[in-house]
Amino acid sequence: MTVFDLFRRRTSAPVARERLQVLLAYERKNRNQPDLVGVLRDEIMAVLARHVQIDPENVQVTMDRGDTMSTLEIDVQIPNVGTMQMAASF
Amino acid sequence: MGKVVVVTSGKGGVGKTTSTAALGAALAQTGKRVALIDFDVGLRNLDLIMGAERRVVFDLVNVTQGVAKLSQALIRDKRIDTLFLLPASQTRDKDALTEEGVDSVIKPLKEKFDYVLCDSPAGIERGAQLAMRFADVAVIVTNPEVSSVRDSDRIIGLLDSKTLRAERGETVTKHILITRYDVARAMRGEMLRIDDVLEILSTPLLGIIPESQAVLRASNLGSPVTLNEPTNAAARAYVEAARRLDGEELPMVLPTDKRGILDRLLGRRAA
Numbered sequence: 245m246t247v248f249d250l251f252r253r254r255t256s257a258p259v260a261r262e263r264l265q266v267l268l269a270y271e272r273k274n275r276n277q278p279d280l281v282g283v284l285r286d287e288i289m290a291v292l293a294r295h296v297q298i299d300p301e302n303v304q305v306t307m308d309r310g311d312t313m314s315t316l317e318i319d320v321q322i323p324n325v326g327t328m329q330m331a332a333s334f
Numbered sequence: 113m114g115k116v117v118v119v120t121s122g123k124g125g126v127g128k129t130t131s132t133a134a135l136g137a138a139l140a141q142t143g144k145r146v147a148l149i150d151f152d153v154g155l156r157n158l159d160l161i162m163g164a165e166r167r168v169v170f171d172l173v174n175v176t177q178g179v180a181k182l183s184q185a186l187i188r189d190k191r192i193d194t195l196f197l198l199p200a201s202q203t204r205d206k207d208a209l210t211e212e213g214v215d216s217v218i219k220p221l222k223e224k225f226d227y228v229l230c231d232s233p234a235g236i237e238r239g240a241q242l243a244m245r246f247a248d249v250a251v252i253v254t255n256p257e258v259s260s261v262r263d264s265d266r267i268i269g270l271l272d273s274k275t276l277r278a279e280r281g282e283t284v285t286k287h288i289l290i291t292r293y294d295v296a297r298a299m300r301g302e303m304l305r306i307d308d309v310l311e312i313l314s315t316p317l318l319g320i321i322p323e324s325q326a327v328l329r330a331s332n333l334g335s336p337v338t339l340n341e342p343t344n345a346a347a348r349a350y351v352e353a354a355r356r357l358d359g360e361e362l363p364m365v366l367p368t369d370k371r372g373i374l375d376r377l378l379g380r381r382a383a
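Going down the list, the sequences are from chains A and B.
Per the numbering used here, the first sequence runs over residues 245 to 334.
Per the numbering used here, the second sequence runs over residues 113 to 383.
Set out below in structure tokens:
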């Protein structure tokens, strides 16, 4: 360790602390509750499946959890053949 | 009536078995009667760390199934005669252990021993839950590192909900034991600080075990580090942690505080 290190403040430990605090606050709150993202994904998929045929391989679900807001993105590829009418009504 | 202590962590490889052996030996050295139980069914290792791997005849599952008597399965330590080990079974049947079976082993042990130390398997499944089921006290082994702290938090959640004490509306006394602590890295800000870990987990500290070559040497030789190299910093930290577990109030000293300026100048390592 050098004297220089003592004054260097760009360290990784505070980042670790911040990330843990945010994550654990979330996990503790949701410990005994159903996984919201999982429930949303399943229900949205069920609604879509009622109207169009969906290949589960062509579904992308992404999620980004922020401090005050989270986003859930569901990207579904809907085949065109025979489903044009459905697509128009969306 | 003895105390049942679970040594647990969630995450694997953080030092549960090493800590069980070291704390158990340290307690037994003060004259306490101590029984160590390995709950890691299928992956037993406490026997190896204790240097008793060639003396295993019966195991925990044998006792719970009535194949062997408890007194036949307990292995007395060759170095300390108040220290005993009940090894885990090597069976691959995950359901070999039942709650009733574990209860039937812990009950008589509590009557004969001052401390029953339960070495939990990693994870949060059945094995880990059975290891903590009858605990009065929990030692949560944590490395100052994000994944270990997260898993400790989950284990604390289980201790507060899935133990017999929790279900009765009582609490399991919880302690954090920080292992593999590297003072130099912590000073450089590369490692989570102790007070950050304690604040995040809101659980009091039992001890800080410094990263040390002596721990590996002790494992190699099959001897708890507190017996193998009693003057080593890690061993001393375990001895102090054991005394705190036994109710003593000792000041918490960072493990390398004893490293003098001369050692630093000469580049000598603390451990």
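All C-beta atoms, glycine included, are put in the ideal place defined by N, C-alpha and C.
Since this is a predicted model, take the numbers as computed values, not measurements.
| Asked | Found |
| --- | --- |
| Kindly identify the DSSP beta-bridge partner or partners of B:Ile-149. | B:Leu-198, B:Cys-230 |
| Any chance the CB of A:Arg-285 is under 8 Å from a heavy atom of the ligand SAH? | What this structure holds is no ligand at all, so the ligand SAH is not there to describe. |
| On the DSSP bridge list, what partners appear for A:Ser-314? | A:Arg-309 |
| For B:Leu-276, I'd like the list of residues in its chain whose CB is within less than 7 Å of its CB, leaving aside the five on either flank, ordered along the chain. | Arg-245, Phe-246 |
| Please classify B:Lys-286: is it buried, with 16 or more other beta-carbons within 10 angstroms of its beta-carbon, or exposed? | buried |
| Under 9 Å between C-beta atoms, does A:Arg-294 make it to chain B? | no |
| Give a yes or no on whether 9 Å exceeds the smallest Cβ distance from B:Thr-142 to chain A. | no |
| Output yes if chain B places a C-beta closer than 9 Å to the C-beta of A:Gln-265; else output no. | yes |
| Which stretch, first to last residue, makes up the beta strand (DSSP E) that contains A:Lys-273? | Note, A:Lys-273: premise wrong, no beta strand (DSSP E); alpha helix (DSSP H) at 257-273. |
| At a cut of 8 Å, does the stretch 209-216 of chain B reach the stretch 308-322 of chain A through at least three beta carbon pairs? | no |
| According to a CB-to-CB cut-off of less than 9 Å, which residues of the stretch 272-289 of chain A neighbour chain B? | Arg-272, Arg-275, Asn-276 |
| Does the count of Cβ pairs from the stretch 154-171 of chain B and the stretch 348-366 of chain B closer than 8 Å reach three? | no |
| From the DSSP output, in three-state form, read off B:Arg-292 for me. | strand |
| Taking any Cβ of chain A, which residues in the stretch 342-367 of chain B have a Cβ under 7 Å from it, in chain order? | none |
| Using a Cβ cut-off of 8 Å, pull out every chain B residue sitting near A:Arg-261, in sequence order please. | Leu-304, Arg-305, Asp-308, Ile-312 |
| Helix, strand or coil: how does DSSP classify B:Thr-130 here? | helix |
| Between the Cα of A:Met-307 and the Cα atoms of A:Thr-255, A:Ala-260, A:Glu-262, A:Leu-284, which residue gives the shortest distance? | A:Leu-284 |
| Return the first residue and the last residue of the alpha helix (DSSP H) that B:Thr-399 is part of. | Nothing about residue 399 of chain B can be read from this structure; chain B reaches only from 113 to 383. |
| Given that B:Gly-269 touches chain A, what residues does it touch there, using C-beta distances under 8 Å? | Arg-272, Arg-275 |
| Who are B:Thr-210's beta bridge partners in DSSP? | Answer by DSSP bridge pairing: none, since B:Thr-210 is not bridged. |
| Please list, in chain order, the residues of the stretch 241-264 of chain B that have any C-beta partner in chain A closer than 7 Å. | Val-258, Val-261, Arg-262 |
| Give me the residue from B:Asp-205, B:Lys-190, B:Pro-336, B:Val-169 with the minimum Cα distance to B:Gly-154. | B:Asp-205 |
| Going straight from the alpha carbon of A:Ala-269 to that of B:Thr-291, what length do you get? | 24 Å |
| In three-state terms, what does DSSP make of B:Pro-322? | strand |
| From A:Arg-272 to B:Arg-191, what does the alpha carbon distance come to, in whole angstroms? | 44 Å |
| Going along the chain, which residues of its own chain have a beta-carbon closer than 7 Å to the beta-carbon of B:Thr-132, five neighbours each way excluded? | Val-119, Leu-148, Leu-158, Leu-229, Asp-231 |
| Could you check whether the Cβ of B:Arg-166 sits closer than 9 Å to any Cβ belonging to chain A? | no |
| Grab me the residues of B:Leu-318's own chain with a C-beta within less than 7 Å of its C-beta, minus the 5 sequence neighbours each way, in chain order. | Val-251, His-287, Ile-288, Leu-289, Ala-353, Arg-356, Leu-357 |
| Mapping the DSSP letters down to three states, classify B:Thr-142 as helix, strand or coil. | coil |
| With distances taken between CB atoms, is the gap from B:Ser-324 to B:Ala-298 smaller than 9 Å? | no |
| Spatial neighbours of B:Arg-305 within its chain, please: CB distance less than 8 Å, with the 5 preceding and 5 following residues excluded, ordered by chain position. | Pro-256, Ala-298 |
| Applying the criterion that 16 or more other CB atoms from any shown protein chain within 10 Å of the CB defines a buried residue, is B:Val-365 buried or exposed? | exposed |
| With a threshold of 8 Å, are at least 3 pairs of Cβ atoms found where one atom belongs to the stretch 332-342 of chain B and the other to the stretch 295-311 of chain A? | no |
| Comparing alpha-carbon positions, which option in B:Asp-265, B:Leu-333, B:Gly-334 lies nearest A:Leu-264? | B:Asp-265 |
| If you reduce the DSSP assignment to three classes, tell me which class B:Val-118 lands in. | strand |
| Below 7 Å on C-beta distance, what does A:Leu-268 contact in chain B? | Arg-262, Asp-265, Ile-312 |
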